Amino acid sequence: MTSNADEYEQQNVHEVYQHIAQHFSATRYKPWPIVEQYLQELPAGAVGLDVGCGNGKNLMVNRNVFIIASDRSENLAQIARQHQPHTAVVADILHLPHRDAQFDFAICIAVVHHLSTPERRVQAIAEIIRTVRPGSGTQPGGTVLIYAWALEQKHSRRGWDKGDQQDIMVPWVRKTPSAPNGTQTFNRYYHLFEEGELERDIEKAGGQVVTSGYEKDNWWAIATPKTSP
Amino acid sequence: MKVITANFVTCAVKECKTSPASFPLHFHDAELEMQELDFQPEFIRNVIPRIDWEALRVTANELGFPTLPESKPEAGALNDEQTLKDLHRILLETQVMEGKLVCGNCSHEYTIKEGIANFLLPSHLV
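Keeping their order, the protein sequence lines are chains B and S.
Per the working numbering, residue 1 is the first one in the first sequence, and the count goes up by one each step.
Per the working numbering, residue 230 is the first one in the second sequence, and the count goes up by one each step.
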């Protein structure tokens, strides 16, 4: 376990989200189209996870499935908890409090890009895949939907593109009348995924990519636990 | 934390996951609160097959509910409105607001505060 990376993320990711939870939540209210479609297409009664649920905006899509949402930030989990009929807990993506092979699905939207080493990103994905039931001869396996911020986003307001630095600090600016210049800035750590990187990490984590693509400046992939041939 | 949650969580310590003693986690000093929620019979009917019934019986017993039937309601019993309402009440409407969830394998205690269970591990358990 790299305790340096642990502390680094504590300071540059977890504490920031604790501070900006309210404002962050107020600006995040609409699920992304592919996330919405993925959740809507789940069969009624499916049970799954939303790892790094944030304010729980994706918990509003489908009331016929049951989602155990989790976040590192207690403040965000507390907001997410209000979406029925689901439930929310505080947990760490690297140590999820769930049994193996139990769930029909899992989503992890805009989370793995906050882990600061390649090993930890793969470990995080492996931890999610572990919780989903593998396929058997007659039944397809459960699936996971993962999103991560893309390096290739030259048309976004950030303007990054292929060849740019992948490990960066991104400022979150909040209006704070009491602060000297009227704003307060929090920097969050991000790893920007290059094309193909998410798929490679999923394979390393013991997953098999079913489909993948690009949406709203993010790379996404749907994967299932790899079964031995 | 809704009672149903206990059916889908276990100890966050990796080594405990292979031990049957780690599931379900055990409630200690639980303070309950009822929160009225829309009754969706379809939801209960669909989710019951995914419930580990033995574990739910243990949980319900620890929280002081009347003993649940020995076997999981199936087929016809899932059309019985009273059965579904009872389960709706236990699984979704009963919130554990304060207390602890304790692992039967490693004895680690997870705190529940303001309705949220916290599964973050102290550094010596990571």
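Where a beta carbon is used, it is the ideal one built from N, C-alpha and C, also for glycine.
No experiment lies behind these values; they were computed from the predicted model shown.
For residue i versus residue j, is the C-beta spacing smaller than 8 Å?
i, j, result
"Met230/S", "Val89/B", "yes"
"His83/B", "His191/B", "no"
"His257/S", "Val331/S", "yes"
"Ile280/S", "Lys301/S", "yes"
"Val238/S", "Pro97/B", "yes"
"His353/S", "Val242/S", "no"
"Ile146/B", "Ile125/B", "yes"
"Phe105/B", "Leu42/B", "yes"
"Asn218/B", "Ala148/B", "yes"
Any beta carbon of chain B sitting closer than 8 Å to that of residue i?
i, result
"Val276/S", "yes"
"Met230/S", "yes"
"Leu292/S", "no"
"Lys246/S", "yes"
"Thr323/S", "no"
"Ile345/S", "yes"
If you draw a straight line from the C-alpha of residue i to the C-alpha of residue j, how long is it?
i, j, result
"Met1/B", "Asn12/B", "Any reading at Met1/B must be qualified, since the residue scores a pLDDT of 47, below 50, and its modelled position is unreliable; the value itself is stated next. Cα to Cα, Met1/B sits roughly 18 Å from Asn12/B."
"Glu194/B", "Asp164/B", "10 Å"
"Ala259/S", "Gly52/B", "26 Å"
"Tyr38/B", "Ser178/B", "43 Å"
"Ile233/S", "Arg318/S", "10 Å"
"Ile107/B", "Leu198/B", "14 Å"
"Tyr189/B", "His86/B", "29 Å"
"Leu292/S", "Ala235/S", "11 Å"
"Ile129/B", "Trp282/S", "24 Å"
"Glu265/S", "Ile273/S", "15 Å"
"Ile202/B", "Ser212/B", "11 Å"
"Leu261/S", "Ser228/B", "45 Å"
"Leu285/S", "Tyr214/B", "41 Å"
What are the boundary residues of the alpha helix (DSSP H) that residue i is part of?
i, result
"Thr288/S", "Trp282 to Glu291"
"Pro118/B", "Pro118 to Thr131"
"Tyr8/B", "Ser3 to Glu9"
"Pro270/S", "Pro270 to Val276"
Measuring alpha carbon to alpha carbon, tell me which of the options ends up nearest residue i.
i, options, result
"Asn347/S", "Asp92/B, Gly141/B, Cys108/B and Pro134/B", "Asp92/B"
"Pro140/B", "Glu152/B, Trp220/B, Ala110/B and Lys226/B", "Lys226/B"
"Lys342/S", "Glu327/S, Phe294/S, Leu350/S and Leu349/S", "Glu327/S"
"Ala150/B", "Met60/B, Thr27/B, Phe105/B and Lys162/B", "Lys162/B"
"Phe71/B", "Met60/B, Ile79/B and Gly54/B", "In the sequence as presented, Phe is not what sits at residue 71/B; that position holds Asp. For the residues Met60/B, Ile79/B and Gly54/B, the minimum Cα distance to Asp71/B belongs to Gly54/B."
"Ile109/B", "Arg133/B, Trp32/B, His14/B and Glu127/B", "Trp32/B"
So, is the C-beta of residue i closer than 8 Å to a C-beta in chain S?
i, result
"Val132/B", "no"
"Met1/B", "For Met1/B, the predicted structure reports a pLDDT of 47, less than 50, and the residue's modelled location is therefore unreliable. A value from the coordinates is still provided. Yes, because at least one Cβ of chain S sits closer than 8 Å to the Cβ of Met1/B."
Could you tell me the boundaries of the beta strand (DSSP E) in which residue i lies?
i, result
"Ala26/B", "Ala26/B -> not in any beta strand (DSSP E); alpha helix (DSSP H) instead, spanning Glu15 to Ala26."
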